[in-house]
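Structure first, commentary second.
As structure tokens, this is what we get:
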């Protein structure tokens, strides 16, 4: 994993079941300010899922219009949106 992918994975895993907003992830990992238009996060999530493989990659859940979350048990869509 790249450094940014490792940071992203670690941040998601430290907050299981909680939706981390796009703005929060972009600011925390890349230093982007709120309102920055970029696909960086989406590309990194896609690459991370691919590298984790079909089983582990399913742990990363997309929360539509909100952000991303780490699910301990894939397939159970119970995510806390903050």
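In my numbering, the protein residues as written are -12 to 69.
For each residue, glycine too, the CB sits at the ideal point set by N, CA and C.
Since this is a predicted model, take the numbers as computed values, not measurements.
Nearest candidate by alpha-carbon position, reference residue -8, set 18, 13, 17 and 31: For this step, residue -8 is matched to residue 5 along the chain shown. Among 18, 13, 17 and 31, the Cα nearest to that of residue -8 is on 31.
Residue 56 - containing beta strand (DSSP E), residue span: Mapped onto the chain shown, residue 56 falls at position 69. Note, residue 56: beta strand (DSSP E), 54 to 57.
Please tell me whether residue 54 and residue 7 are closer than 8 angstroms, where the distance is taken between their beta carbons. Position 67 of the chain shown holds residue 54. Position 20 of the chain shown holds residue 7. The answer is yes: Cβ separation under 8 angstroms.
Based on the DSSP output, what are the partners of residue 49 in its beta bridges? Position 62 of the chain shown, counted from the start, is the residue given in the question as residue 49. Residue 49 is bridged to 55.
Residue environment, residue 13, which counts as buried when at least 16 other CB atoms sit within 10 Å: Counting from one through the chain shown, the residue named residue 13 turns up at place 26. When all chains shown are included, residue 13 counts as buried.
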